[in-house]
Every structure is written in structure tokens, then in C-alpha cells.
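**Q**
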Amino acid sequence: MIEAKGTCFCGDVCFTVEVDPLKVAICHCLDCQRVSGSAFRHTVFGDKTTLKFQSGNVTAFDKVGDSGNTRRQLFCATCGTNIGSVPPEGDPTLFASIRVPILDVKDQLPPRVSVWNTSHVDWLDGLNDLPSLEQQS
Ligand SMILES: [Zn+2]
Ligand SMILES: [Zn+2]
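Per our numbering, the very first residue in the sequence shown carries number 394; after that it's consecutive.
1. From what residue to what residue does the alpha helix (DSSP H) around V428 run?
2. Can you tell me whether S507 is helix, strand or coil according to DSSP?
3. In chain order, what residues of the same chain have a beta carbon less than 6 Å from the beta carbon of H513, not counting five sequence neighbours either side?
4. So which of G458, V506, D515, V428 has the shortest CA-CA distance to F534?
5. Check G404 in the structure and name its three-state DSSP category.
6. For the beta strand (DSSP E) that F488 lies in, which residues bound it at each end?
Structure follows, in C-alpha cells:
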């Protein structure tokens, strides 16, 4: 496990959490596409008992995922950045799913597995063929 620091888009929410660099996934499920606003979501396993918020207000709601499991989804109350998900009240599992792009150690967390490929968007496989610019223009 490695110690990670996370920060939301607006900077209000700061947290620390221990994450497992061997348990990193990209998920192509429809929920992950919606919540990330992108083709997939990039997450790492975190130990929920180590997830500590230093600042900011976190808002949450419970959602039944495509897997059938209920997860508590966490967001910055100001900017809406998805922090991750944790087990709901009363669930003893340790699995906190933390969004990799908001972590300071993101470069150490390349994906190890790709899941829910049944809803993988078709154009992903052609990314390397797109015109590629160093910046926006
Ligand atoms: Zn924020
Ligand atoms: Zn997913």
C-alpha cells in the first residue's frame, strides 16, 4: 500500500488514503461513463479505514451499480468532483474505490485491468490514429 494525497478540482476537498498500486482498474460500465463524463473511469483500491478528509465539504449518495452492489458515492460539495465510492452504512468491507486522476501519486498507478468491456466505447481503439497536438491548438 502507498500513501496518497487527493485534491478536488476546486481545491476545497483534501484527503489522504492508503492505496494498492497493484489494484488499479479502468471501468467501462455505463455508470462510470456518466459520473466521469468520459469513456471510462480510472480507479484504485483504497482502504476505507485510512480515508481521512483534511478539508472541504463532501456530499454523498448511495447508488446501486451495474454490478448490483450499493456504493456510497462521494463528491466535493462545491465543485462536484467525484472523489470515489465507499461501502454504504453497515457494510463491513474495506473497499474504497478512489479516482486516480485526483491523487498526487497518479503516475505510479497505471491500470492493471480493464473491466465492464461490454459497454466499452467503440472509438477508444482508434485513439492512437487521431491527429495529436501537444496542447489545445
Ligand atoms: Zn471541489
Ligand atoms: Zn464502472
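Note that the Cβ used here is the ideal one computed from N, Cα and C, for glycine as well.
**A** The relevant details are as follows:
1. Run containing V428: 423-429, per the alpha helix (DSSP H) assignment.
2. Secondary structure at S507: strand, using DSSP grouped into helix, strand and coil.
3. Cβ neighbours of H513 beyond the five flanking positions: H421.
4. Shown here, the chain extends from 394 to 530; a query on residue 534 therefore has no answer.
5. Three-state DSSP puts G404 in coil, outside helix and strand.
6. Per DSSP, F488 belongs to the beta strand (DSSP E) from 488-492.
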